[in-house]
Structures are given as C-alpha cells and as structure tokens.
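First the structure, in the form of structure tokens, and then the observations on it.
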Amino acid sequence: MTLPRFYPIFDSAAWLARALPLGVRLVQLRIKDKDSASTEAEVRAGLTLARQHGAALVINDHWQIAIDAGADWLHLGQEDLETADIPAIRRAGLKLGLSTHDHAELDRALALSPDYVALGPVYPTILKQMKWHQQGLARVTEWKRLVGDVPLCAIGGLTPERGQACLNAGADLVAAVTDITLNADPEARMRDWLKVAG
Numbered sequence: 599m600t601l602p603r604f605y606p607i608f609d610s611a612a613w614l615a616r617a618l619p620l621g622v623r624l625v626q627l628r629i630k631d632k633d634s635a636s637t638e639a640e641v642r643a644g645l646t647l648a649r650q651h652g653a654a655l656v657i658n659d660h661w662q663i664a665i666d667a668g669a670d671w672l673h674l675g676q677e678d679l680e681t682a683d684i685p686a687i688r689r690a691g692l693k694l695g696l697s698t699h700d701h702a703e704l705d706r707a708l709a710l711s712p713d714y715v716a717l718g719p720v721y722p723t724i725l726k727q728m729k730w731h732q733q734g735l736a737r738v739t740e741w742k743r744l745v746g747d748v749p750l751c752a753i754g755g756l757t758p759e760r761g762q763a764c765l766n767a768g769a770d771l772v773a774a775v776t777d778i779t780l781n782a783d784p785e786a787r788m789r790d791w792l793k794v795a796g
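First residue of the sequence shown: 599, per our numbering; consecutive thereafter.
Right, here's the structure in full:
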C-alpha cells in the first residue's frame with residue numbers, strides 16, 4: 599500500500615477544513631480532553647470533510663468511536679493497545695497504524711500486522727513529555743530495514759527540511775503537528791510540506 603507522504607496531525611475538524619483544500623490527502627484527528635459526545639461529533643465532521651476531498655482520515659485512540667462513525671483508519675499508541683479491542687477493530691475493517699519507540703514496542707506492533715508503523719520522536723518534540731530521547735535518522739533507517747514493506751512514518755520535531763531528511767533515511771511518510779499549528783501562516787507552511795512530501 600502506498601500512502602501519501604505528508605501526514606499532518608490535528609486536534610479538530612476545523613484544522614481539516616484548512617488543510618484538505620490545499621491537497622492534504624492523509625490526515626490524523628487526535629482529540630484529547632473532550633467528552634465522548636464532543637469527540638464523536640468532531641470525528642463525524644472530520645470524516646465528512648475527508649470524504650468530500652478524497653482524503654484518508656486516521657482517528658487517534660478512540661477506537662470505539664472510529665468503529666461507530668464508520669472510519670477507515672485508526673492510530674493507536676502503545677498505551678492504547680492495553681485497552682483496545684483489536685479483534686473488534688479488525689472485524690470492523692479498520693486499517694491500523696501503531697506508534698513505536700523501541701525494539702520491544704516494534705516487535706509488539708509488527709505482531710499485529712499494522713498498516714503502518716510510526717517511529718518517534720525522531721527529533722526533540724515540544725508536543726508532549728516523553729521518556730524517549732530523540733531517535734535520530736540512523737534509527738529511521740534501521741526501523742525501515744526491520745519493518746520491510748510496512749510503511750514507516752517518522753514523527754517528532756519535524757520541519758519540512760527534517761521531513762525530507764527522514765524520507766531520505768527511509769521513512770515512507772512524515773508527520774507534523776506543531777510545526778504547522780504554531781506557525782504564523784499554517785497554510786503557507788502546509789504548502790511547504792506538500793512541496794517536500796506531497
């Protein structure tokens with residue numbers, strides 16, 4: 599499976615409404631700290647927008663809402679794997695992306711036959727406190743060798759220039775969050791990303 603190489607991550611459908619008209623075709627909706635009704639409303643709005651633009655929308659974490667809303671894609675972190683019903687997710691036909699940070703997590707992820715594997719943080723990130731230090735480009739190359747044909751997503755502290763370096767090192771797609779959302783001109787920044795990885 600060939601995935602679009604640029605993979606932005608946003609916390610609301612409003613961001614999707616800004617990104618999708620620019621040509622973004624793979625995007626993640628990562629919603630934290632909202633009640634389930636608000637989360638489901640955002641997911642359904644996001645799915646409507648994605649389908650209008652012929653884009654793939656990946657729902658982070660909320661697997662039951664993803665199933666109920668008829669989503670096609672789900673992303674789970676390692677902590678989420680503890681509580682997610684993987685058989686139910688597979689029965690629903692959801693494609694699955696999984697986060698990894700070390701070899702044990704990669705082994706666990708590959709055992710679940712994911713549709714992509716994410717490695718992070720490649721560079722230092724301000725998004726969240728993590729116990730892992732930056733992975734670096736050599737780890738991207740190593741991970742690609744280990745995952746083989748499974749698409750590899752690089753995430754963590756990426757800029758368009760660093761994203762290009764990750765693609766050169768073996769990543770199949772590159773994810774960005776705060777490089778876009780904290781930029782003074784997010785649309786221009788997304789265009790920069792699309793030139794590199796679109």
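The beta carbon of each residue, even a glycine, is placed where N, CA and C say it ideally should be.
Figure out for me which residue from Leu601, Pro602, Thr600, Leu614 has the closest Cα to the Cα of Pro784. Residue mapping note: residue 784 aligns to position 186 of the sequence shown, counting from 1. That would be Leu614, whose Cα lies nearest to the Cα of Pro784.
Ala773 (DSSP reduced to helix, strand or coil): Walking along the sequence shown from the start, residue 773 turns up at place 175. Here Ala773 sits in strand by DSSP.
Segment contact, 8 Å Cβ cut-off, at least three pairs: the stretch 641-653 with the stretch 672-683: no
Whole alpha helix (DSSP H) runs in the stretch 719-757 with 4 or more residues, listed along the chain? 735-745
Residues bridged to Gly695 by DSSP? Here residue 695 corresponds to residue number 97 of the sequence shown, with the count starting at 1. Looking at the DSSP assignment, Gly695 forms a beta bridge with His673, Tyr714.
Could you give the residue range of the alpha helix (DSSP H) that holds Leu614? Taking the sequence shown and counting its residues from 1, one reaches residue 614 at position 16. Leu614 -> alpha helix (DSSP H) spans 611-617.
Residues of its chain near Pro602, where Cβ-Cβ distance is below 6 Å and the 5 sequence neighbours each way are ignored: The sequence position of residue 602 within the sequence shown is 4, counting from 1. Within the same chain, Pro602 has close Cβ partners Arg623, Leu624.
Distance, Arg688 Cα to Ala709 Cα: As a first step, residue 709 is located in the sequence shown; it is residue number 111 there, counting from the start. As a first step, residue 688 is located in the sequence shown; it is residue number 90 there, counting from the start. Near 14 Å, if we compare the C-alpha coordinates of Arg688 and Ala709.
Exposed unless 16 or more other CB atoms sit within 10 angstroms - verdict on Gln588: The requested residue 588 is not part of the displayed model; the chain covers only 599 to 796.
Find the nearest neighbour of His731 within the set Asp747, Thr698, Lys693, judged by alpha-carbon distance. Locating residue 731 in the sequence shown gives position 133, where the first residue counts as 1. Of Asp747, Thr698, Lys693, the residue nearest in Cα terms is Thr698.
Per-residue DSSP class, three states only, for Ile657: In the sequence shown, the residue the question calls residue 657 occupies position 59. Residue state, collapsed to three classes: strand.
Do the CB positions of Leu765 and Leu717 come within less than 8 Å of each other? The sequence position of residue 765 within the sequence shown is 167, counting from 1. The sequence position of residue 717 within the sequence shown is 119, counting from 1. Going by C-beta atoms, Leu765 is not nearer than 8 Å to Leu717.
Check each candidate in Trp661, Arg743, Gly734 and name the one with the smallest Cα separation from Thr637. What you label residue 637 is simply residue 39 of the sequence shown in a count that begins at 1. Measuring from the Cα of Thr637, the nearest candidate turns out to be Trp661.
Out of Asn781, Val715, Arg760, Ile665, which one is the CA nearest neighbour of Asp700? Numbered from 1 along the sequence shown, position 102 holds the residue referred to as residue 700. The residue with the shortest Cα to Cα distance from Asp700 is Val715.
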